[in-house]
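For what it's worth, numbering that gives the first Met the number 0 labels the leading residue of the sequence shown as 0, then goes sequentially.
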Amino acid sequence: MASGTVLAALGVLSFSFSFPATAWALQGFGPWTVAGLRGALAAVLAAVALLASRGAFPARDDWPGLIVVAVGCAVGFPLLTTLALQTSSTAHSAVVIGVLPVATATIGALRTGRRPSSTFWAGAIAGAIIVIGFTLVQSRGAITLADGYLFAALVVCAAGYAEGGRLSAHLPGWRVIAWGVLLAAPINLVVAAVALVEEPMRLGAHALVGLGYVAAISQFGGFVVWYRGMGLIGVSRASQLQLAQPLLTLVWAVLLLGEQFPAVVPLTAVAVLACIVVTQRARVD
Numbered sequence: 000m001a002s003g004t005v006l007a008a009l010g011v012l013s014f015s016f017s018f019p020a021t022a023w024a025l026q027g028f029g030p031w032t033v034a035g036l037r038g039a040l041a042a043v044l045a046a047v048a049l050l051a052s053r054g055a056f057p058a059r060d061d062w063p064g065l066i067v068v069a070v071g072c073a074v075g076f077p078l079l080t081t082l083a084l085q086t087s088s089t090a091h092s093a094v095v096i097g098v099l100p101v102a103t104a105t106i107g108a109l110r111t112g113r114r115p116s117s118t119f120w121a122g123a124i125a126g127a128i129i130v131i132g133f134t135l136v137q138s139r140g141a142i143t144l145a146d147g148y149l150f151a152a153l154v155v156c157a158a159g160y161a162e163g164g165r166l167s168a169h170l171p172g173w174r175v176i177a178w179g180v181l182l183a184a185p186i187n188l189v190v191a192a193v194a195l196v197e198e199p200m201r202l203g204a205h206a207l208v209g210l211g212y213v214a215a216i217s218q219f220g221g222f223v224v225w226y227r228g229m230g231l232i233g234v235s236r237a238s239q240l241q242l243a244q245p246l247l248t249l250v251w252a253v254l255l256l257g258e259q260f261p262a263v264v265p266l267t268a269v270a271v272l273a274c275i276v277v278t279q280r281a282r283v284d
């Protein structure tokens, strides 16, 4: 149990850098180029890993779940969040995506048949209310196009997380994301090929480092430990660790991008961490 929690937490830490890295990538590439190249480069890493392991193909029953992982985590989420980050700050985007744990836990419970206790749901819903309230306060009650992209992103990503966590109960987590990334590769290759022609590029250190991070870590490496952790401790429990992800991203936004730290963040941090404690200690049948 402890090792699963550590692995899931490492996944959250890896993902917490994704938005700042995407913002860096957008300094030199267009949004469609970033999304397409991210998936294409990750597919190369996934193919090398699968070929080196010489593992068997997934079972027939696993393919529908892998398609959900591909659509949600390797196409939908990267593209939608990249489009949102054109006009939305990293800090604001991170907080909107903060409701992802509840969406993941809900889909995971429906798909796996597990029954989180009322205490678990109370903590999860409280965490979601906190981050939604934070978002509305920061945007003065307005829902922008970027917010629409972000909410759509969290829905498809939650489905991909839940399916990936379910599959990781009997498949190695790295194989789950590797096959998901490979299934999405044709789409991402087409997107990258068209975008490279249509969108301008201004290559620089930040742009290249950001693109490299979202391809190697956000799209592949982070999922390896994340799905393994979910497979060990369950989708619902692992998903609640993500309540800390928006707060970590806010810290990186300040340190790496120079964004202003909202004054309400310390109070939000304490409240969200309290919700994490509640959900981690709650019973999940």
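No residue lacks a Cβ here, since even glycine has one placed at the ideal position from N, Cα and C. Here the structure is a predicted model, which is why all the values come from computation and not from measurement.
Comparing alpha-carbon positions, the option among Ala194, Ala243, Arg174 and Val269 lying closest to Thr32 turns out to be Ala194. Nearest Cα to Ala24 within the set Arg37, Gly257 and Leu246: Arg37. Taking C-beta separations shorter than 8 Å and ignoring five residues to either side along the sequence, the partners of Thr143 in its chain run Thr86 and Ser87, following chain order. The beta carbon of Glu258 sits closer than 7 Å to the beta carbons of Ser88, Thr89, Ala90 and Ala252 from its chain, once the five residues preceding and following it are set aside; these are given in chain order. Between Thr267 and Leu246, the C-beta spacing is below 8 Å. Per DSSP, reduced to three states, the secondary structure at Pro171 is coil, with no helix or strand assignment. Beyond the five residues adjoining it in sequence on each side, Val264 comes within less than 8 Å, by CB distance, of Leu246 and Leu249 in the same chain, given in chain order. Judged by their CB atoms, Ile124 and Val101 are nearer to each other than the 8 Å cut-off. A straight-line Cα-Cα distance of about 17 Å links Ser15 and Met229. By the CB criterion at 8 Å, Val223 and Trp178 fall outside the cutoff. Assignment of Gly29 by DSSP, reduced to helix, strand and coil, places it in the coil class.
Minimum Cα-Cα distance from Gly159 among the listed residues Gly64, Leu272, Val47 and Pro57 corresponds to Gly64. Thr80 carries a helical assignment under DSSP once its states are collapsed to helix, strand and coil.
Taking a C-beta distance under 8 Å as the contact criterion, Leu231 and Ile275 do not qualify as a contact pair.
Judged by their CB atoms, Leu149 and Val95 are nearer to each other than the 8 Å cut-off.
Taking C-beta separations shorter than 7 Å and ignoring five residues to either side along the sequence, the partners of Ala168 in its chain run Gly230, following chain order. Boundaries of the alpha helix (DSSP H) around Leu231: Gly221 to Ile232. Beyond the five residues adjoining it in sequence on each side, Leu6 comes within less than 6 Å, by CB distance, of Val224, Arg227 and Gly228 in the same chain, given in chain order. In this structure the segment 38–56 lies against the segment 180–187, because at least three pairs of beta carbons, one per stretch, are closer than 8 Å.
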